[in-house]
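Numbered per the working numbering, the sequence shown finishes at 160, counting up by one with no gaps.
One structure is given below, encoded as structure tokens.
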Amino acid sequence: MGLFSFGKKKKKPVRSCDLEGSLLEFGEGYLLTSSQIIKSKRFWDNKMVEPETLAYSKAHFERKDEMGTKMRTMIFQKYSSQEKPWLVGDGQVNQFEIDKNQAREYAQKWWESEFTFIPPDAGAAEKVLSNDEFEQWKEYAIMKAGETQLKKIG
């Protein structure tokens with residue numbers, strides 16, 4: 007311990023929301039699994055019309071473009087295949103139909119364990135969900151998500 011560090015408080019860690027990047031301080035947020043992330047129509051409908059994904063969705067729906075569909079598939083894989091849990095902030099958690107109290111408890115354990123706590127059913131969604139359930143969400147995310155919003159945008 008250095009001469010000038012006496013009496014200084016140890017800095018608490020800060021992490022960013024895995025979905026949109028806002029900063030979360032020690033103890034904040036919700037810990038979700040990849041299965042919980044992909045099982046949300048609201049999440050997919052929002053995700054597939056964000057500025058970064060809008061062109062792919064337009065290509066997929068308006069031109070039946072194979073490359074647009076392929077890019078949407080890659081986006082789905084990014085969220086479905088993550089092994090580690092997702093730290094999600096207050097601004098994003100309402101997209102998911104989850105037990106928020108449980109997810110907050112898991113986040114607390116994750117912070118306190120210095121990011122080593124793994125909630126039940128963590129891992130790639132394909133390994134956790136039944137094949138039918140996984141395929142149902144994959145089909146929605148790739149083939150249907152954002153279609154209604156896109157019609158409203160025009």
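Don't be surprised by glycine CBs; every beta carbon is placed ideally from N, CA and C.
Since the structure is predicted, the reported quantities are computational estimates derived from the model, not experimental observations.
Item, Value
"Compare the C-beta of SER41 against all C-beta atoms of chain D and say whether one is closer than 7 Å.", "The chain labelled as chain D is not found in the depicted structure, where only one protein chain is given."
"What are the boundary residues of the beta strand (DSSP E) that includes ARG21?", "20–22"
"Look at the Cβ atom of ALA131, then the Cβ atom of SER86, and state whether they are nearer than 7 Å.", "yes"
"Three Cβ pairs or more, each shorter than 8 Å: is that satisfied between the stretch 125–142 and the stretch 57–77?", "no"
"So the candidates are PHE49, LYS76 and GLY33; which of them puts its Cα closest to the Cα of ALA61?", "LYS76"
"For ARG48 and PRO57, I'd like the C-alpha separation in whole angstroms.", "16 Å"
"Which of helix, strand or coil does DSSP assign to VAL94?", "strand"
"With 16 as the cutoff for other CB atoms within 10 Å, does MET7 come out buried or exposed?", "Its pLDDT being 46, under 50, MET7 is placed unreliably by the model, and the measurement read from it follows with that caveat. With fewer than 16 Cβ atoms within 10 Å of its Cβ, MET7 is classed as exposed."
"Going by DSSP, what residue range makes up the beta strand (DSSP E) through GLU31?", "29–31"
"Just checking my contact of TRP92 with LEU38 at CB under 8 Å: how many whole Å lie between their CB atoms?", "5 Å"
"What separation, rounded to the nearest whole angstrom, lies between the Cα atoms of LEU29 and CYS23?", "6 Å"
"Output the residue ranges of the beta strand (DSSP E) runs that lie fully inside the stretch 44–106 and measure 3 residues or longer, sorted by chain position.", "92–94"
"In this structure, how does DSSP classify LEU156 when only helix, strand and coil are distinguished?", "helix"
"In angstroms with no decimal places, state the Cα-to-Cα distance between LYS53 and THR59.", "7 Å"
"Which first and last residues belong to the alpha helix (DSSP H) in which ASP138 is found?", "137–145"
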